[in-house]
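Novice:
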Amino acid sequence: MRGSKWRYFLLSLFIITPIISKQVGEGYDGVVHTIEKQGFENLQIKMENSHIKIAYENRVYRSEMNAMGSILTTILNSDIADSVSLTPMNKMLPLTEIGVNLDDFSSFLKGNTDNTTFSSQISVNMVHGDWDELENIPVLNPSSKRLEVTINPGIEAMFHTSQGPAIWKLNLIPKVSYSFRKGTQFVLEGIIPLYYQFHEETKQIKLGSAYISYMHKLNNSLWTSTTMGVFPWKTAYRGGSFRDFYRYGISNETAQFYLNGKINLSMKLDYTAHLDYLDGVWGYHSASLGKFTWRGNLGYRFNKQDIHINLGHGKNLYEKSLTELEITRSFREIDIGFHARWNEGDEFSHFTLGLLLDIPVPFFQIQNNAVILNSFKRFWWEFSYHDNPQGGFPKTKTSVLDFQKRMYPSYIKNNTKLFLKNN
2 MRGSKWRYFL LSLFIITPII SKQVGEGYDG VVHTIEKQGF ENLQIKMENS HIKIAYENRV
62 YRSEMNAMGS ILTTILNSDI ADSVSLTPMN KMLPLTEIGV NLDDFSSFLK GNTDNTTFSS
122 QISVNMVHGD WDELENIPVL NPSSKRLEVT INPGIEAMFH TSQGPAIWKL NLIPKVSYSF
182 RKGTQFVLEG IIPLYYQFHE ETKQIKLGSA YISYMHKLNN SLWTSTTMGV FPWKTAYRGG
242 SFRDFYRYGI SNETAQFYLN GKINLSMKLD YTAHLDYLDG VWGYHSASLG KFTWRGNLGY
302 RFNKQDIHIN LGHGKNLYEK SLTELEITRS FREIDIGFHA RWNEGDEFSH FTLGLLLDIP
362 VPFFQIQNNA VILNSFKRFW WEFSYHDNPQ GGFPKTKTSV LDFQKRMYPS YIKNNTKLFL
422 KNN
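Numbering of the sequence shown is given in the working numbering, commencing with residue 2 and proceeding in unit increments.
Written out as structure tokens, the structure is:
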């Protein structure tokens, strides 16, 4: 009898244990395959006991919160881990780390836990100290294999004109982007006119912008963005007709986050020279005739209300000091903003006031191994009274704050309900 028990123990040790190990391995491989099949790129996955770490880049879901919910659900259904650390990335640079206990997520998913309770159970950290370990983890489904093409709208309006209460300009703006190394991106934008009620001379297919940008994370909370290329500026009257004005040159922005993203402090420096375009002819000024512009920003994020207040001051292309106040309120995926801008020497009546609306829209996406084709995922529109284009600064479109993709701890904790939404 005793010998039979020993034989049974040895049988369990050499047969049943390998079967269990195989099941765990198959579960892990299945999770990796599922997440990769969902379209997530630059995947780096590490399993430690019952805890799984996943770094990834999302170009499939419109909302990063929806993307996180999809991955968490996949891990929960696989039953291979008790807890998860998610690190969303942009251009292979980690943005933040979210820690979730899967029992807590399961309760939230079933409706047994409310949003406030679940928000208090997760951890979110912009200054996590172990991101260097990602350097040693193999990358699956790298984004460097794919060219991304996005079709965007361009809408401009003028109100209270001699031609009527409102006149419009509508463009189609195809954007081609390619990331060829960490933090680096090449972007080419075109402009295809569809409907013009003003500046008819400029109704032609033309360049929107062309630039190379490099985003670098110096440490856990210090970022720098360097961009070189041709940037749009404004449409203005010159030489007997309206024409499109551009700037070419280099721009650098350095931004520091404090208190886990609650405070941001940044300085942007540009050196650019003049370009203009009309009827296939480019006019330009020598780079030696370029101008320096600079702008400093101080921002504060209110945790509970999802309100971001930003105060900016700098010197623009008109060589005037400019001061601007921006207030943005987020309602889940919708942003509504207000700005007030004043140039040195302007009369008080020339104060520029404006509203900004940034909303999610339905989109399509087609992809294969070489190309991702998207329609625009968000509609952005700004209305200003006594407008001064971008306050007289080159539109470099490579802001460190925009690069964060809303992955601020306060925004994540306030909007965990978006984990439950499908794209």
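In this text, a Cβ means the ideal position worked out from N, Cα and C, and glycines have one as well.
(1) With a threshold of 6 Å on Cβ separation, who are the neighbours of Phe-364 within its own chain once the five nearest residues in sequence on each side are excluded?
(2) Would you give the residue range spanned by the alpha helix (DSSP H) that Glu-65 belongs to?
(3) When DSSP labels each residue in this structure, what does Ile-36 get in the three-state scheme?
(4) With 16 other CB atoms within 10 Å as the buried threshold, where does Ser-289 fall?
(5) Please classify Pro-410 as buried or exposed, where buried requires at least 16 neighbouring CB atoms within 10 angstroms.
(6) Once the 5 residues before and after Thr-185 are set aside, which same chain residues still bring their CB inside 6 Å of it?
(7) Can you tell me where the alpha helix (DSSP H) with Ser-108 in it begins and where it stops?
(8) Candidates Arg-239, Gly-165, Lys-111, Pro-95: which alpha carbon is nearest Leu-135's?
(9) Pull up the distance between the alpha-carbon of Phe-199 and that of Gly-338, whole angstroms please.
(10) Looking at the structure shown, is Tyr-319 part of a helix, part of a strand, or coil, going by DSSP?
(11) Compute the Euclidean distance between the alpha carbons of Lys-23 and Glu-327, then round it to the nearest angstrom.
(12) Using 8 Å as the Cβ pair cut-off and three pairs as the minimum, do the segment 401-417 and the segment 257-272 touch?
(13) In whole angstroms, give me the CA-to-CA distance for His-314 and Thr-294.
(14) Take the Cβ of Asn-59 as the centre, count every other Cβ of all protein chains shown within 10 Å, and call the residue buried at 16 or more, exposed below.
(15) Assuming Pro-194 contacts Lys-183 (C-beta within less than 8 Å), just tell me the rounded distance between them.
(16) Give the DSSP-derived three-state secondary structure of Lys-418 in the structure shown.
(17) Determine which residues share a DSSP beta bridge with Tyr-249 and list them.
Specialist: In brief:
(1) Residue numbering aside, residue 364 sits at position 363 when the sequence shown is read from its first letter. Answer for Phe-364: Ser-376, Lys-378, listed in chain order.
(2) For this step, residue 65 is matched to residue 64 along the sequence shown. Run containing Glu-65: 65-79, per the alpha helix (DSSP H) assignment.
(3) Here residue 36 corresponds to residue number 35 of the sequence shown, with the count starting at 1. Three-state DSSP puts Ile-36 in a helix.
(4) Start at 1 with the first residue of the sequence shown, and residue 289 comes out as number 288. Exposed is the call here.
(5) Against the sequence shown, residue 410 aligns to sequence position 409. Counting Cβ neighbours within 10 Å, Pro-410 comes out buried, since at least 16 surround it.
(6) Within the sequence shown, the letter at position 184 stands for residue 185. So the list reads Tyr-215, once near-sequence residues are dropped.
(7) Here residue 108 refers to the residue found at position 107 of the sequence shown. For Ser-108, the enclosing alpha helix (DSSP H) stretches over residues 103-110.
(8) Taking the first residue of the sequence shown as position 1, residue 135 is located at position 134. Checked all of Arg-239, Gly-165, Lys-111, Pro-95; the closest Cα to Leu-135 is Pro-95.
(9) Within the sequence shown, residue 199 is the residue found at index 198, counting from 1. Within the sequence shown, residue 338 is the residue found at index 337, counting from 1. Each residue's Cα considered, the two are about 27 Å apart.
(10) Taking the sequence shown and counting its residues from 1, one reaches residue 319 at position 318. Coil.
(11) For the purposes of this step, residue 23 is taken as the residue at position 22 of the sequence shown. For the purposes of this step, residue 327 is taken as the residue at position 326 of the sequence shown. Because Lys-23 carries a pLDDT of 40, less than 50, the predicted location of this residue cannot be relied on, and no value is offered for it.
(12) yes
(13) Here residue 314 refers to the residue found at position 313 when the sequence shown is read from its first residue. Here residue 294 refers to the residue found at position 293 when the sequence shown is read from its first residue. Those two C-alpha atoms are separated by around 11 Å.
(14) Looking up residue 59 in the sequence shown gives position 58. Looking at its Cβ environment, which holds 16 or more other Cβ atoms inside 10 Å, Asn-59 is buried.
(15) Residue mapping note: residue 194 aligns to position 193 of the sequence shown, counting from 1. Residue mapping note: residue 183 aligns to position 182 of the sequence shown, counting from 1. 37 Å between Cβ atoms; not a contact.
(16) Taking the first residue of the sequence shown as position 1, residue 418 is located at position 417. For Lys-418, the three-state secondary structure derived from DSSP is helix.
(17) As a first step, residue 249 is located in the sequence shown; it is residue number 248 there, counting from the start. Residue pairing of Tyr-249 in beta bridges, as defined by DSSP: Val-231, Ala-274.
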